[in-house]
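All remarks here apply to the structure that follows.
Numbering (the UniProt record's numbering), first residue to last: 1 to 293.
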């Protein structure tokens, strides 16, 4: 059955029988037969054909979603069994939210490769909600997220603290004030992450703490353009110290001094299986003992 699901996933993602046939080294009629057999087992059509392309219908979307989850579990089962008799090796699917993924994770992976050269890290970067969903659907072996986390099936394992600060360009008018009030912060242009990210959640918590509701928000889906925007004087932002460590050292950005800062949040990792490969065990051990300084 896994072969049928694999072929179906390829057709759905490639939107083409011929492209899926090439991926699986099959003939196009053979791919068509696999899809027909799967549709017969599901007792419904899964694909619509239009202008030489194929698209998932509603039933197809459901089957595709669970096929990805099933194949992720099947692949993980295979590696766990194979792992019993071998040293740490093979793919390790790691997901991380942007702050950790862009500024800390590369160091963890480098240490993991030192200990286990045959491990093959496959990294996905996304916001906290996206990473949690991929772990829940068994498409990632581990996910690293930041901030408060809500999920009925995944339990976060906290392993480190992160400090967050307000940053501005050194010439920003806000820094010329002798006293920065909460009202003054409310009137600023804020360069912010999208809803669903851990960084945005932390900022929303700070807004609640200060009882302010800034109206002038500019949204970006990653940290790099936020830093560039702040450096250009477009506005201020609220970011992890890790994310702005180099810019602070070079004087390109400065921290806005407020009595409630730094704001602290936690980094946590998520898994969705009681079993761990040797590669994942090594990675988690290095992750939990890495010094964030």
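All C-beta atoms, glycine included, are put in the ideal place defined by N, C-alpha and C.
| Where does residue 244 sit, in a helix, a strand or coil, going by DSSP? | Locating residue 244 in the chain shown gives position 244, where the first residue counts as 1. DSSP places residue 244 in coil when its eight states are reduced to three.
Runs of 4 residues minimum, wholly inside the region 155-205: which ones carry the alpha helix (DSSP H) assignment?
182-186
Query raised in the report: If you follow the alpha helix (DSSP H) that residue 300 is part of, which residue opens it and which one closes it?
Result: Nothing in the structure corresponds to residue 300, since the chain is present only between 1 and 293.
Q.
Quick check: what's the CA-CA separation for residue 20 versus residue 12?
A. The residue given as residue 20 occupies position 20 in the chain shown. The residue given as residue 12 occupies position 12 in the chain shown. Their backbone Cα atoms lie some 9 Å apart in a straight line.
- Query: If you pair each beta-carbon of the region 280-288 with each one of the region 187-201, do three or more pairs fall below 8 Å?
  - Reply: no
Helix, strand or coil: which one does DSSP assign to residue 275? Indexing the chain shown from 1 puts residue 275 at position 275. In this structure, residue 275 counts as coil in the three-state DSSP scheme.
| said: Just to confirm before moving on: does the CB-CB distance between residue 141 and residue 92 stay below 8 Å? | reply: Mapped onto the chain shown, residue 141 falls at position 141. Mapped onto the chain shown, residue 92 falls at position 92. Yes, the Cβ-Cβ distance between residue 141 and residue 92 is below 8 Å.
### Three-state secondary structure (DSSP) of residue 117
Position 117 of the chain shown, counted from the first residue, corresponds to residue 117. It is coil, neither helix nor strand.
Check your understanding: Per DSSP, residue 141 forms a beta bridge with which residues?
Key -> By 1-based counting over the chain shown, the position of residue 141 is 141. Looking at the DSSP assignment, residue 141 forms no beta bridge with any residue, so it has no partner.
Could you check where the beta strand (DSSP E) with residue 91 kicks off and where it finishes? Against the chain shown, residue 91 aligns to sequence position 91. Note, residue 91: beta strand (DSSP E), 90-96.
Going by other Cβ atoms of all chains shown within 10 Å of its Cβ, with 16 needed for buried, is residue 29 buried or exposed?
Here residue 29 is taken as the residue at index 29 of the chain shown, counted from 1. It is exposed - the Cβ of residue 29 has fewer than 16 other Cβ atoms within 10 Å.
### Task
Out of 112, 34, 194, point me to the one whose CA is closest to residue 222's CA.
Locating residue 222 in the chain shown gives position 222, counting from the first residue. That would be 194, whose Cα lies nearest to the Cα of residue 222.
Expressed to the nearest angstrom, what Euclidean distance is found between the alpha-carbon atoms of residue 297 and residue 110? The structure shown does not extend to residue 297, since the chain is modelled only from 1 to 293, so the question has no answer here.
Q.
According to DSSP, is residue 223 part of a helix, a strand, or is it coil?
A. Taking the first residue of the chain shown as position 1, residue 223 is located at position 223. Helix, per DSSP.
Contact under 8 Å by Cβ, residue 253 with residue 191
Within the chain shown, residue 253 is the residue found at index 253, counting from 1. Within the chain shown, residue 191 is the residue found at index 191, counting from 1. No, the Cβ-Cβ distance between residue 253 and residue 191 is not below 8 Å.
Less than 8 Å between the CB atoms is what I'm expecting for residue 143 and residue 72, so what's the real figure, rounded? By 1-based counting over the chain shown, the position of residue 143 is 143. By 1-based counting over the chain shown, the position of residue 72 is 72. Their Cβ separation, rounded to whole angstroms, is 13 Å, which puts residue 143 and residue 72 out of contact at 8 Å.
Quick test of your reading: residue 241 and residue 163, contact by CB under 8 Å. State the CB separation rounded to the nearest angstrom. Counting from one through the chain shown, the residue named residue 241 turns up at place 241. Counting from one through the chain shown, the residue named residue 163 turns up at place 163. A Cβ-Cβ distance of about 5 Å is found for the pair residue 241 and residue 163, placing them in contact under the 8 Å criterion.
task = Closer than 8 Å by C-beta to residue 232: which residues in its own chain qualify, once you throw out the five before and the five after it? Chain order, please.
result = Indexing the chain shown from 1 puts residue 232 at position 232. The residues are 169.
| query | Bridge partners of residue 236, per DSSP? | reply | Taking the chain shown and counting its residues from 1, the one referred to as residue 236 is at position 236. DSSP output for residue 236 lists 190 as bridge partner(s).
Report the CB separation of residue 128 from residue 97 in whole angstroms; it is logged as a contact under 8 Å. As a position in the chain shown, residue 128 is number 128, starting the count at 1. As a position in the chain shown, residue 97 is number 97, starting the count at 1. Contact holds; Cβ gap of about 5 Å.
Could you tell me whether the Cβ atoms of residue 265 and residue 146 are closer together than 8 Å? In the chain shown, residue 265 corresponds to position 265, counting from 1. In the chain shown, residue 146 corresponds to position 146, counting from 1. Their beta carbons are under 8 Å apart, which means residue 265 touches residue 146 by this criterion.
Whether residue 132 touches residue 105 by CB criterion (8 Å): Translated into the one-based positions of the chain shown, residue 132 becomes position 132. Translated into the one-based positions of the chain shown, residue 105 becomes position 105. Taking 8 Å as the Cβ cut-off, residue 132 and residue 105 do not qualify as a contacting pair.
**For residue 308: DSSP bridge partner residues** = Here the chain comprises residues numbered 1 to 293, so residue 308 is not present and cannot be evaluated.
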